[in-house]
Ligand SMILES: Cc1ncc(COP(=O)(O)O)c(C=O)c1O
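In my numbering, the protein residues as written are 9 to 396.
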């Protein structure tokens, strides 16, 4: 059996399926980034991003992935020799450690087992114990474990201790609530290929007023050229574009995707992601499977499921791929032990139920005694409750 690759259902947590309207917008003529046409589209897109983030602060875009925006955060906010506290509870929060190392920034760490959420009290203790820590990094929605960290509470604590908070919002922005000003963030990084619903290749960074104060008052800078935010700000404040050639078609796509988000409605969009999360989890649990994340901190955009005994990751994912669904495996210490499916962007109940039923068949074919229909019916029951 083979599947038409062009019709593959992408249930991986990014890149996610892109709406045809976004692809159509991306095929428009490539106005150069110094033209009035481009500048006006860029400004409109920044305004839409600001609306999404409930903020008056501008957002800066880079041709790069989400990691580019994370790198820009470290390179701009910290000074050589300064210390950062990285709160690590998965593969992506660990990336802040790698970036700190790459930039020669001293890094302290609070580490949690995969599946656990960050604890605000532990961050408070660490900040009280070490006055040298200037900034804290967290991953809001840890995609590798499907854990949603309590970012608002952490923001409150970091603000109370007068340090800076740098947040990875790569799989929360556009899918779940994110209020960087209200929640006390100072820098927020995101990327295009997750809940923003655009192909990979754009990184976006938001900086709050305290973040800008720090950037502008640095005595010594970390080396950076492409990611120099002062340069980005000067250019945007002046001619309303970016210092270097922009990813023009991705920008058009982002403009369209953001427009569609507000057509759906911000609250409705977040609620759809949350509802799909509940339906997905009900389905997996109904199938008798276990979830990785602490139930108090389930992600609303991705779900991580433990493999039942005897199921091999590579066999499972290659078999379900033959049925036309692409699913992600685990990373780091949970590699081979879990699989992950997304509920991001244009995902709807149809995609979840289809995936659920094909997972049942795949598990059964691989010898796991799942009762066919158990996951689908549990997901359907949840759906009935949701639409009651
Ligand atoms: C939470 C999170 N942070 C960072 C990244 C890295 O982003 P990118 O692959 O766009 O560089 C990802 C990618 O999956 C992610 O999910």
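For glycine and all other residues, C-beta sits at the position ideal for the given N, C-alpha and C. Treat the numbers as computed from the prediction; the structure is a model and nothing was measured.
Proximity winner among the options, relative to residue i (alpha-carbon distances)
i: residue 92; options: 126, 77, 139; result: 139
i: residue 253; options: 369, 42, 299; result: 42
i: residue 65; options: 363, 57, 71; result: 57
i: residue 188; options: 171, 215, 203; result: 215
i: residue 14; options: 330, 371, 363, 340; result: 330
i: residue 135; options: 173, 240, 156; result: 173
i: residue 51; options: 69, 88, 277, 201; result: 69
i: residue 374; options: 341, 386, 318, 117; result: 318
i: residue 102; options: 297, 250, 83, 119; result: 119
i: residue 354; options: 328, 24, 315; result: 24
i: residue 22; options: 71, 221, 178; result: 178
i: residue 18; options: 391, 261, 362; result: 362
i: residue 81; options: 219, 316, 267; result: 219
i: residue 314; options: 197, 12, 274, 154; result: 154
i: residue 310; options: 322, 328, 286, 327; result: 286
i: residue 94; options: 175, 262, 270, 53; result: 175
i: residue 264; options: 107, 379, 28; result: 28
i: residue 342; options: 368, 312, 60, 350; result: 312
i: residue 288; options: 383, 276, 48, 198; result: 383
i: residue 36; options: 235, 258, 238; result: 258
i: residue 168; options: 128, 12, 48, 227; result: 128
i: residue 278; options: 360, 356, 301, 109; result: 356
Beta-carbon gap between residue i and residue j smaller than 8 Å
i: residue 146; j: residue 159; result: yes
i: residue 85; j: residue 143; result: yes
i: residue 39; j: residue 186; result: no
i: residue 34; j: residue 183; result: no
i: residue 197; j: residue 71; result: no
i: residue 73; j: residue 205; result: no
Span of the alpha helix (DSSP H), counted from its first residue to its last, around residue i
i: residue 389; result: 382-394
i: residue 253; result: Residue 253 -> no alpha helix (DSSP H), and no H or E assigned at all.
i: residue 68; result: Premise fails: residue 68 lies in the beta strand (DSSP E), 67-71, not in any alpha helix (DSSP H).
i: residue 206; result: Per DSSP, residue 206 belongs to no alpha helix (DSSP H) and is neither H nor E.
i: residue 79; result: 74-85
i: residue 125; result: First-last for residue 125: undefined, no H or E at that position.
i: residue 30; result: 28-34
i: residue 373; result: 357-373
Span of the beta strand (DSSP E), counted from its first residue to its last, around residue i
i: residue 408; result: With the chain covering 9 to 396 only, the question about residue 408 has no answer from this structure.
i: residue 213; result: 210-215
i: residue 312; result: 310-314
i: residue 93; result: 91-96
i: residue 145; result: 141-147
Opposing strand residues paired with residue i [DSSP bridges]
i: residue 337; result: 347
i: residue 61; result: Paired residue(s): none; residue 61 is not in a bridge.
i: residue 195; result: 174, 215
i: residue 118; result: 95
i: residue 155; result: 150, 306
i: residue 298; result: 314
i: residue 184; result: 181
i: residue 262; result: DSSP, once it has assigned bridges, lists no residue as partnering residue 262.
i: residue 17; result: 333
Contact with chain D by residue i, beta-carbon distance below 8 Å
i: residue 152; result: Of the chains in the structure shown, none is chain D; there is only one protein chain.
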